[in-house]
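Numbering (my numbering), first residue to last: 4 to 323.
Where is the CB? At the ideal position from N, CA and C, for every residue including glycine.
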């Protein structure tokens, strides 16, 4: 599988370079731009029996560009170190149509807009791991379908609205039932530094009619060197109700050096008393330049009695 994936990446890169040469620089359309990032990580895991070591946490390679002034496209492949289905696969494959009056349209396989932390590009995340609640309730992060969106401004109030209908089966999967998932998000920004809003997801699980519902609220405040954000998510899979939240704060303590801290809580079943998990994460990031970043994280789970399962991670990320 690894050899096959390398061939995919080499072939994809070769296709991109060939296409760049194919299109004359004198032509505005179509155009193409290679994109991607890679994360090399070293992890120290205090859990009994866990092995410390290096890994390629993520590697994504893609192309994007414009076919015409009103139609753009994005394609990407990704390799992760997760032992899961679609860990080595087509990631994005969609087109954006901007010529339709009043709203924009996205068609294909894309990251749907639910949750603040989910919509942030992976290369722009402040901390190495996402919060437990987002990792568990917003999965899969990509699906196949159509999305319409609109940005509105009324005096100083700005709003970002989006509605999508997708298969609900995840990326690289055909629909496994006749039902479709509906996803909506509204984001309001009364001033430049503050935004808040909510998201909904209504779908079904697998081939049966078990409901898969999600509801989320978010708020973010960012002013110069200071960042504060928080989210609450609630989920329901059939009769099982789940919820969680996180609070994140960050500050640029020196030029190119940022400190972050996050507290997150995840309850996998509101009916089960001992199903809550809490965690503190502390991060120190250093930007060597705008495209090269070093992240250092320490994760400590809140437990009683305390056990040895802390994580220390250092990660080098490059992007283009």
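Can you tell which of the options has the C-alpha that lies nearest to the C-alpha of residue i?
i           : options          : result
residue 319 : 59, 53 and 31    : 59
residue 312 : 51, 116 and 31   : 51
residue 129 : 231, 272 and 278 : 231
Straight-line CA distance for residue i to residue j?
i           : j           : result
residue 142 : residue 203 : 14 Å
residue 86  : residue 53  : Only weak support is given to the placement of residue 86: the predicted model assigns it a pLDDT of 47, under 50, and the value that follows is read from those uncertain coordinates. Roughly 16 Å between the two C-alpha positions.
residue 308 : residue 160 : 48 Å
residue 76  : residue 234 : 31 Å
residue 281 : residue 201 : 23 Å
residue 206 : residue 300 : 35 Å
residue 317 : residue 298 : 6 Å
residue 146 : residue 314 : 31 Å
residue 162 : residue 288 : 31 Å
residue 184 : residue 172 : 9 Å
residue 267 : residue 69  : 40 Å
residue 155 : residue 192 : 10 Å
residue 138 : residue 167 : 20 Å
residue 321 : residue 174 : 25 Å
residue 157 : residue 63  : 38 Å
Is the Cβ-Cβ distance between residue i and residue j less than 9 Å?
i           : j           : result
residue 115 : residue 65  : no
residue 286 : residue 264 : yes
residue 126 : residue 112 : no
residue 100 : residue 93  : no
residue 118 : residue 219 : yes
residue 238 : residue 259 : no
residue 294 : residue 323 : yes
Short of 8 Å in beta carbon distance, which residues of its chain neighbour residue i, apart from the five on each side in sequence? Order them along the chain.
i           : result
residue 55  : 45, 46, 47 and 48
residue 196 : 224, 225 and 226
Go through its chain and collect everything with a Cβ distance to residue i's Cβ below 6 Å, but skip five positions before and after it.
i           : result
residue 102 : 73
residue 271 : 245 and 278
residue 34  : 68 and 69
residue 305 : 281
Can you list, in chain order, the residues of its chain with a C-beta nearer than 7 Å to that of residue i? Leave out the 5 residues immediately preceding and following it.
i           : result
residue 190 : 162, 163, 198 and 200
residue 213 : 207, 240 and 241
residue 133 : 120
Going by DSSP, what residues sit across from residue i in a beta bridge?
i           : result
residue 222 : 199 and 233
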